[in-house]
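Note that this note's numbering has the first sequence beginning at 37, numbered continuously upward.
Beta carbons are placed, not taken as given, at the ideal position from N, Cα and C, and that holds for glycine.
Predicted model, so just to flag it, every value in this text is computed and none were measured.
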Amino acid sequence: MEYNFKEIEKRWQKYWKKHNIFYVKENEKKKKFYILNMFPYPSGEGLHVGHCLGYIASDIYARYKRVEGYNVLNPMGFDSFGLPAEQYAIQTGNHPSDTTLKNSQKYQIQMNKIGISFDWNRKLYTSSPNYYHWTQWMFIQIFNSWYDKNCKKAKPIEILVEEFNKNGNFFVNASTSYKKKFNSKEWNDFNSFEKETILLDYRLAFLCKNIVNWCPDLGTVLANDEIKNGKSQRGGYPVYKKNMLQWHIRISAYAERLIKGLNLVECSQSLKRLQINWIGKSIKFFVTLNVVYNNEKIKKIKFFLFCPEMIFGVTFVILSPDHPIVNEISVDSHKKNVSKYLKNNSFFKEEEEKVSGVFTGNYIFHPFLKKKIPIYISNSFFVKNDIIKSIVGIPGHEKKSNNFAKKFRLEIIKVYKKNINNNEICTNSDLLNGLNLKEARKKITKILIEKNIGEENTYYKIRDAIFSRQRYWGEPIPIYFKKKIPRTIPVNKLPIILPKVNNYHPKNGKSSLTRVKNWAWDEKNMKIVSNTLIDHKNIFPMEINTMPSWAGSSWYFLRYMDVHNHQFFLDKKKENYWKNVDLYIGGSEHSTGHLIYARFWHKFLKDRGWITTEEPFKKILNQGMILSYSASIIKIIGENTFISYGLLKKSINKNISFQEIYVDLSLIKGNNELDIKKFKKNKPEFCTFNFLLEKGIFICKRKLEKMSKSKLNVINPDKICDKYGSDVFRIYEMFLGPITQSKPWNDEKIKGMKNFIKKLWSLFHKENNFQISEINPTLKELQILHSTIKEVKNKINSFSLNTSISSLMVFVNKLIALRCNKRKILEPMVQLMAPFSPHIAEELWNKLGKKKSIINYPIPIVNSKYLINKITYPIMFNGKLKFLEQFDSNISTKELKNKILNHSKTKFLLKDKIIKKLIIVPKKIINILI
RNA sequence: ACCCAGAUGGCGAAAUUGGUAUACGCGCUGGAUUCAAAAUCCAGUGAUUACAUCAUGCGGGUUCGAAUCCCGCUCUGGGUACCA
């Protein structure tokens with residue numbers, strides 16, 4: 037009988053759906069196992085083979101855990117807020133929710149098609165009001181919380197207010213940007229605006245200014261991702277830095293716990309290191325120095341002093357262009373220059389050598405040299421997005437400072453030199469002279485701290501996360517503004533539904549919610565009303581920014597536990613059963629961003645008592661990325677011209693700048709040639725553009741990179757499933773290599789998997805009929821079976837799925853060689869195969885006469901009676917293999933030594949040479965040194 | 001630039017974590033079957049000047065023994081905070 041995968045696979049997929057095979061509910065009698073997959077964003081391209089890698093791997097594990105007796109939660113949903121759907125809406129006018137729904141349905145069909153055992157009953161969308169109700173609710177809780185450093189946890193803001201009423205902020209040790217001290221009387225004397233402003237500095241969600249990429253031509257803020265060489269990727273328009281008032285989440289409060297919590301997570305060391313480096317804990321030294329021409333606002337400035345022992349070498353200081361005081365620090369005669377510089381240098385320079393800067397006309401006072409030190413503004417000293425915005429220049433010993441000092445003719449002082457013993461000692465440093473650098477650092481930091489000039493701060497690189505998005509397609513932030521003070525919408529009025537708009541374009545850097553006519557909050561009647569009614573007494577404007585997509589994706593794994601609950605985001609009982617995720621499989625590209633946010637969010641919810649676990653994921657497995665060749669074409673910026681890739685090098689010096697535009701793989705002919713006709717049809721906006729050809733054709737640039745919809749290099753699994761079947765596709769994806777490794781996609785080798793499935797099928801069939809033998813197996817057959825069971829189980833447990841399949845192949849090959857079709861061997865074999873190729877396994881299981889799905893039968897266990905107890909030792913002479921010999925696995929070393937020395941082959945090889953040393957490593961090797 | 005990975009036959013890869021380098025699969029070569037092809041089956045397949053020697057990106061080192069550990073490079077991929 038031919039193996040007709042089309043019919044068989046469809047039939048079993050229908051069966052699973054009809055009988056709700058993967059439906060799961062809490063069951064106290066069974067141990068739980070919670071498997072979580074990477075949360076997909078449903079793009080129009082559909083699922084690609086890179087996503088499938090993780091889904092198949094986790095599905096194999098889920099199916100394996102079920103037959104091991106666990107109650108397995110294996111849910112799936114959609115991270116459905118995000119930029120691409122909004123961009124599509126801007127271009128086409130289609131509502132993002134329609135696009136998203138359509139796309140996610142496509143995903144769901146694709147996932148079912150490859151036989152993934154999701155419990156669709158628990159499906160969720162971050163963009164559905166039923167879900168974002170709770171995202172909004174959580175935002176309000178974050179807003180109404182502060183972080184108590186003494187207890188190392190978040191607490192309700194009321195507790196803080198109570199404390200302010202009692203003692204002011206004298207005994208409060210909080211994560212805050214608020215620096216001043218006040219007592220209870222002062223607190224009570226503040227008016228409500230002052231009080232709220234202070235509280236905002238303590239809240240875990242707070243408003244403050246931050247720099248964004250502003251593109252006036254597009255009227256919007258851009259992600260770094262959307263900018264290439266200082267120009268917007270769409271259209272090539274200039275981009276500027278702009279300071280905007282934005283919502284932030286005080287994630288830095290959790291920096292220490294995010295580091296410590298990693299001890300509770302089982303994952304690769306490299307992932308931990310990535311996270312630790314991202315959080316970036318370090319102890320840094322700062323000095324606060326007096327400003328010479330000071331004003332009311334600015335009397336002192338704090339500088340990062342990277343080498344305190346070199347303080348005598350400081351001859352200038354530098355502020356970053358985005359330092360909050362750059363506009364006020366300069367003296368009148370220099371203001372023009374400064375603003376000119378700021379205008380032209382809003383971007384941080386990538387190149388290392390060039391330095392630029394502008395003198396502010398102002399100085400700080402050097403506390404030891406007792407002289408004026410000039411203050412410059414420069415973008416050359418700061419890494420993009422660095423939290424440190426002011427540093428000192430030590431041109432004697434630091435390269436960039438040196439270049440800077442030379443350019444601006446500033447003094448250069450050497451403050452250490454080598455002495456006769458070649459040790460570095462301080463010089464030109466007054467009280468530090470003669471000390472080595474280590475001693476000098478110790479001495480000077482002590483003095484600086486005593487003098488109240490210096491301080492040692494624990495510094496974390498991790499920044500408070502910007503939470504505002506000037507976009508339409510995201511959760512509305514449940515806030516209204518009462519006399520500029522943000523107030524939360526009452527939680528019983530949630531969710532605040534994202535209103536419909538006609539035009540999705542952002543307007544003047546604001547989301548299109550700014551066009552909504554009814555977007556004001558009536559405080560008395562607690563409802564949304566028309567903007568025309570705003571009177572700032574009872575009716576107030578609502579927040580028009582929306583949340584970032586990481587808000588919804590930071591807690592979805594909790595909602596899966598209780599997805600239909602309309603009373604609360606998660607019932608206590610259910611939380612108590614499922615607790616947290618046992619295994620999370622996700623791409624390594626999420627190692628920092630998403631994982632850190634999710635871990636933070638989880639810790640916050642724990643602090644406030646709604647969940648009980650410190651970490652959301654017990655074990656994290658990073659799947660490697662599937663890479664694919666992208667294709668792009670080169671456009672000349674400012675001209676409506678594309679040039680063939682080969683012509684790029686020739687044009688490079690002609691003062692023209694270029695922009696790369698990704699093109700879909702379907703528009704490429706064999707030899708990297710662009711099908712211009714198809715391209716113009718596909719992208720009508722380029723219809724009138726010129727194409728500069730080389731040798732009559734237009735060549736694209738090809739690059740191997742991450743498979744991603746934004747790079748238009750995705751490969752769809754559907755075609756492969758149609759041609760070879762889902763089981764073959766599943767096995768092939770796993771057989772490609774280790775799950776954690778990234779690899780380029782190539783489907784040439786899929787034939788091997790087709791052969792394997794065919795061979796498996798043929799074991800059960802003779803002359804087109806299903807035929808198996810009821811005879812008892814031989815010892816040899818049982819030995820093969822049980823060693824395979826052991827091997828496959830070990831390999832699944834260590835997620836070596838590619839080698840599990842190898843073992844199964846060896847098994848099948850051996851059975852074919854033995855012509856074994858005995859039920860007692862084949863039944864356990866089908867069970868071993870079932871997690872990998874569930875469709876064919878169900879079919880064979882059914883033919884073997886079983887009445888229920890194979891998922892209901894426990895996986896066979898290893899009988900050690902049938903495991904072979906011998907070890908083949910390689911016998912080497914001077915590290916070179918000479919022969920092999922089998923010995924009992926529990927033989928003593930002494931006996932082994934005897935046997936080997938008296939072995940005829942040893943004697944032959946030795947002849948009359950003397951053994952210098954005999955190395956016996958039990959269960960490994962024997963090495964004879966002569 | 002910084003942080004994290006990876007590099008093994010013609011190709012995807014394996015190697016019990018320092019102990020027989022190349023399992024398993026693709027491809028290729030030869031044979032069987034066939035009028036022929038496809039499909040299938042059988043055998044072979046790292047290289048070379050073949051009882052040996054050389055081979056795990058490059059150059060050193062540690063060790064009885066290194067793909068695996070250490071030092072210094074090269075190339076490729078991911079991340080760098082508003083793609084998800």
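- Of all alpha-carbon atoms in E492, S834, H822, N838, the one lying nearest the alpha-carbon of L862 is that of H822.
- W637 sits away from S693, with the two beta carbons spaced by 8 Å or more.
- The beta carbon of Y768 lies closer than 6 Å to those of I786, M789 in the same chain, with the five residues before and after it left out.
- G271 carries a coil assignment under DSSP once its states are collapsed to helix, strand and coil.
- Looking only at E345, K335, N63, S416, the smallest Cα-Cα distance to S356 is reached by S416.
- Beta-bridge partners assigned by DSSP to Q695: K671.
- Of the residues assessed, Y59 falls on the exposed side of the cut-off, its CB having fewer than 16 other CB atoms within 10 angstroms.
- In the DSSP assignment, M583 is bridged to no other residue.
- Within 10 angstroms of the beta-carbon of D924 lie fewer than 16 other beta-carbons, which makes it exposed.
- Here H359 is not near S306, since their CB atoms are 8 Å or more apart.
- Here K278 has V248, W250 as same chain residues with Cβ atoms under 6 Å from its own Cβ, once five neighbours each way along the sequence are excluded.
- If you ignore the 5 residues before and after F242, its C-beta comes within less than 7 Å of the C-beta of L236, H284, R286, all in its own chain and listed in chain order.
- Residue pairing from DSSP places L657 in a beta bridge opposite I621.
- Three or more beta-carbon pairs separated by less than 8 Å are not found between the stretch 745 to 756 and the stretch 50 to 69, which leaves the two stretches without contact.
- By a beta-carbon distance limit of 8 Å, Y592 does not contact A501. Their separation comes to about 17 Å.
- By the neighbour-count criterion, in which a residue is buried when 16 or more other Cβ atoms sit within 10 angstroms of its Cβ, E721 is exposed.
- Cβ-Cβ distances below 8 Å link I704 to A667, L710, D711, C736 in the same chain, with the five nearest sequence neighbours on each side left out; the list follows chain order.
- Taking the CA atoms as reference points, R644 sits about 15 Å from R635.
- When the Cα atoms are used, I334 and L701 turn out to be separated by approximately 57 Å.
- For M869, the enclosing alpha helix (DSSP H) has its first and last residue at 859 to 869.
- DSSP, reduced to helix, strand and coil, places I775 outside both helices and strands of the structure shown, so it counts as coil.
- In the DSSP assignment, K231 falls outside any beta strand (DSSP E) and within the unbroken alpha helix (DSSP H) covering 228 to 236.
- Under the DSSP definition of a beta bridge, P512 partners with T582.
- Scanning its chain for C-beta atoms nearer than 6 Å, with the 5 sequence neighbours on each side dropped, one finds around A877 the residues V866, M869, A870, I890, in chain order.
- Contact check for I751 and W781: beta-carbon distance about 5 Å, within the 8 Å limit, so the pair qualifies.
- For the pair L471 and K336, the Cα-to-Cα distance works out to about 30 Å.
- Counting along the chain, A556 sits inside the beta strand (DSSP E) bounded by residues 556 to 558.
- By the CB criterion at 8 Å, N209 and D184 fall inside the cutoff.
- Rounded to the nearest whole angstrom, the C-alpha separation of C88 and P753 is 8 Å.
- Taking 8 Å as the cut-off, the Cβ atoms of P584 and G510 count as close.
- Assigned with DSSP and collapsed to three states, P720 falls in helix.
- Distances from the CA of H169 to each of G204, P526, V103, I195 were compared; the closest alpha carbon is that of P526.
- DSSP places R644 outside both helix and strand once states are collapsed to three, so it counts as coil.
- Among the bridge pairs identified by DSSP, W283 is matched with L243.
- DSSP links W182 through a beta bridge to K191, R239.
- A direct Cα-Cα distance of roughly 18 Å separates V85 from H626.
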